[in-house]
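Report on one structure; see the data block that follows.
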Amino acid sequence: MKVKFNAGLVVLLASTCFAAKFPAGYTLCKQGDDKCLLDQIGATFTKHSQGIPEMNLVGLDPLKIEKMDIVQGGDGPINIVLNFKNVDLTGLSQSTVKKANGFTANPTKMEMAVLVPVASLVGGYKINGKVLILPIQGEGKSNMTMENCHIQLKWTGKLVEKTGKQFYQLDKLKATFDTTRFHMHFSNLFNGDKALGDNMNQFLNDNWQDILKELKPSIVTAFAQIFQRVVTNVFDKVPYAELYHTSSLLESPASSSSAEPSQETLVEDFFICRSCGHDVSLSNFVLEKYSPLALGSSNQTLSAGREAIVQEVQNTLGIRFKIIVVEKAYCAKVESWSLLHSWFPGFAWKLCVCPKCRTHLGWMFEPLETATSDRYFPTEKGFYALISSNIISEGYVNSLLMREKALRDN
Ligand SMILES: *[C@@H]1O[C@H](CO)[C@@H](O)[C@H](O)[C@H]1NC(C)=O
Ligand SMILES: *[C@@H]1O[C@H](CO)[C@@H](O)[C@H](O)[C@H]1NC(C)=O
Ligand SMILES: [Zn+2]
């Protein structure tokens, strides 16, 4: 059992960090929790592919590229200047993240591997040069598509302090990729001469392997610059520690030492999932909110002295639950809101299950007006009801550990 709660420890809890800075449904991982990071980076591609303005993350699908140049000079078989203008890279939202390494407390090298089933680059092009002895020239719309594209990104950098906070400063990013098929189509080659254009397109696709081999270094350089900008944007905007779950902040001396007094919050105690130990909420977030349908209520004293109201409610099947109402909690993304038989009139509800082990932890509540299908988690006006028997307070766990230790020491 990890022991990370320290009574009286003052940290930058960042109420902002717990919810506001990130979009609903954005799970923060603990530093070094590779499984969580894989899932979360994957979710960044799949669920947040329209971008996350709060993090300065641009839309990834399509990834809009204003300008990109592939210049292949020298005396090789391919000698071209290929300029792209206003092209869209599509397909990243279907990515699977295969690897994510180096997202640690003191990051230097980081690495990511992504598999994109179909990646297409579509938009305006202008080409001039020579491909395997044939001259090529044209300007129009192009489509370059790769199937089963394995992309590897590796970058180096370090933490630097800016305005009292630690930011990750990216130094160098390297990219490589492999694909099982490369399709190209250039419209309007040779000033629209259809016969010549069709022939050239046919020729390019028949020889895609040779062409890709030649062009790869230039493609890689062009994309490395683009990805570097995307990643740097995020790291420049969000202090490094805030990219992670708050409790990793507790373990990161860098962030606590630089906390500004006005933003300090005393973390009283964590509520953790009884099944797997995942953080669920903080005792700081306990709310005094009564259900008019509760069968009864009592007060429970939490380890830091805070009182929590425990109410007993009953569902339509006659099953009773003891619940604690909190302002914020971590739940996995689940299906739509239900309007039926709510214990809190005026609020729709849905299940709250543990993001890690999927144990049923309780329910989320949201005012009827704002409980829309695209709202995964409650707004500021909503709240959470946690089943008291499915969570435990970590302070309580630690007090047991300490008692045990005291017994052993005697
Ligand atoms: C680009 O080419 C691929 C493969 O040839 C094709 O499946 C896709 O529909 C094309 N995209 C556009 C926008 O034309
Ligand atoms: C529980 O605590 C609340 C707030 O401190 C108080 O108003 C209420 O009377 C208490 N209820 C019981 C049953 O002790
Ligand atoms: Zn769990």
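With mature numbering (1 follows the signal peptide of the UniProt record, and there is no 0) applied, the sequence shown corresponds to residues -19 to -1, 1 to 391, in that order.
By construction, the Cβ of each residue, glycine as well, lies at the ideal position given by its N, Cα and C atoms.
Per-residue burial, S236 [other beta carbons within 10 Å of its own, 16 or more giving buried]: Counting from 1 along the sequence shown, the entry for residue 236 is found at position 255. Annotation note: pLDDT 32 at S236 (below 50); position unreliable, coordinate value reported separately. Answer is buried; the Cβ neighbour count reaches 16.
DSSP three-state label for F266, please. As a position in the sequence shown, residue 266 is number 285, starting the count at 1. DSSP places F266 in helix when its eight states are reduced to three.
Quick check: is any heavy atom of ligand 1 less than 7 Å from the C-beta of residue 392? In the structure displayed, the chain extends from -19 to 391; residue 392 sits before or after that span and is not available.
Would you call P234 buried or exposed, if buried means 16 or more other Cβ atoms sit within 10 Å of its Cβ? Position 253 of the sequence shown, counted from the first residue, corresponds to residue 234. Because P234 sits at a pLDDT of 32, beneath the cut-off of 50, its placement in the model cannot be relied upon, and the following sentence gives the value as read from the coordinates. Exposed, since its Cβ has fewer than 16 Cβ neighbours within 10 Å.
If Q190 sits next to T157, beta carbons under 8 Å apart, how far is it from one beta carbon to the other, in whole angstroms? Indexing the sequence shown from 1 puts residue 190 at position 209. Indexing the sequence shown from 1 puts residue 157 at position 176. Between Q190 and T157 a beta carbon distance of about 17 Å is seen, past the 8 Å cut, so the two are scored as non-contacting.
In the structure shown, what three-state DSSP assignment does T246 receive? The residue labelled residue 246 in the question sits at position 265 within the sequence shown. Because T246 sits at a pLDDT of 46, beneath the cut-off of 50, its placement in the model cannot be relied upon, and the point is left open.
To the nearest angstrom, how far is the alpha carbon of S374 from that of N64? Taking the first residue of the sequence shown as position 1, residue 374 is located at position 393. Taking the first residue of the sequence shown as position 1, residue 64 is located at position 83. Those two C-alpha atoms are separated by around 59 Å.
Residue(s) in a DSSP beta bridge with H164: Numbered from 1 along the sequence shown, position 183 holds the residue referred to as residue 164. Beta-bridge pairing links H164 to T126.
Residues in the same chain with beta-carbon distance under 6 Å from F302, minus the five sequence neighbours each way, listed in chain order, please. Working through the sequence shown from its first residue, we reach residue 302 at position 321. So the list reads V294 and I368, once near-sequence residues are dropped.
Coarse secondary structure for G286, derived from DSSP in three states: To locate residue 286, count along the sequence shown from 1; it is residue 305. Here G286 sits in coil by DSSP.
Reference T161, options L154, A86, V315 and L193, closest by Cα: Working through the sequence shown from its first residue, we reach residue 161 at position 180. Checking every option, the nearest Cα to that of T161 belongs to L193.
Sequence-distant residues of the same chain with beta carbon closer than 6 Å to T77, five excluded per side: By 1-based counting over the sequence shown, the position of residue 77 is 96. Excluding sequence neighbours, T77 sits near L96.
With hydrogens ignored, establish whether the beta-carbon of S101 is closer than 7 Å to any heavy atom of ligand 1. Taking the sequence shown and counting its residues from 1, the one referred to as residue 101 is at position 120. Indeed, a heavy atom of ligand 1 lies less than 7 Å from the Cβ.
Those runs of the beta strand (DSSP E) which lie wholly inside the region 82 to 133 and span at least 3 residues: 90 to 112
On the CB-based measure, 16 or more other CB atoms within 10 Å of its CB, does T71 come out buried or exposed? On the sequence shown, residue 71 is found 90 positions in, with the first residue counted as 1. The residue is buried, with at least 16 neighbouring Cβ atoms inside 10 Å.
Under 8 Å between C-beta atoms of G119 and N169: To locate residue 119, count along the sequence shown from 1; it is residue 138. To locate residue 169, count along the sequence shown from 1; it is residue 188. Cβ distance < 8 Å, so G119 and N169 count as in contact.
Straight-line CA distance for D179 to S123? Locating residue 179 in the sequence shown gives position 198, counting from the first residue. Locating residue 123 in the sequence shown gives position 142, counting from the first residue. C-alpha separation (whole angstroms): 13 Å.
Exposure label - G363; buried when at least 16 CB within 10 Å: On the sequence shown, residue 363 is found 382 positions in, with the first residue counted as 1. Per the 10 Å Cβ criterion, buried.
Rounded straight-line distance, which links the Cα of C333 to that of E347: The sequence position of residue 347 within the sequence shown is 366, counting from 1. The sequence position of residue 333 within the sequence shown is 352, counting from 1. Distance between the alpha carbons of E347 and C333: 12 Å.
Can you tell me which of the three DSSP states I373 falls into? In the sequence shown, residue 373 corresponds to position 392, counting from 1. Shown here, I373 sits in a strand according to DSSP, grouped into three states.
Alpha carbons only, please: which of Q147, K337, L349 and C17 is nearest the one belonging to W330? By 1-based counting over the sequence shown, the position of residue 330 is 349. It is L349 whose Cα lies nearest to the Cα of W330.
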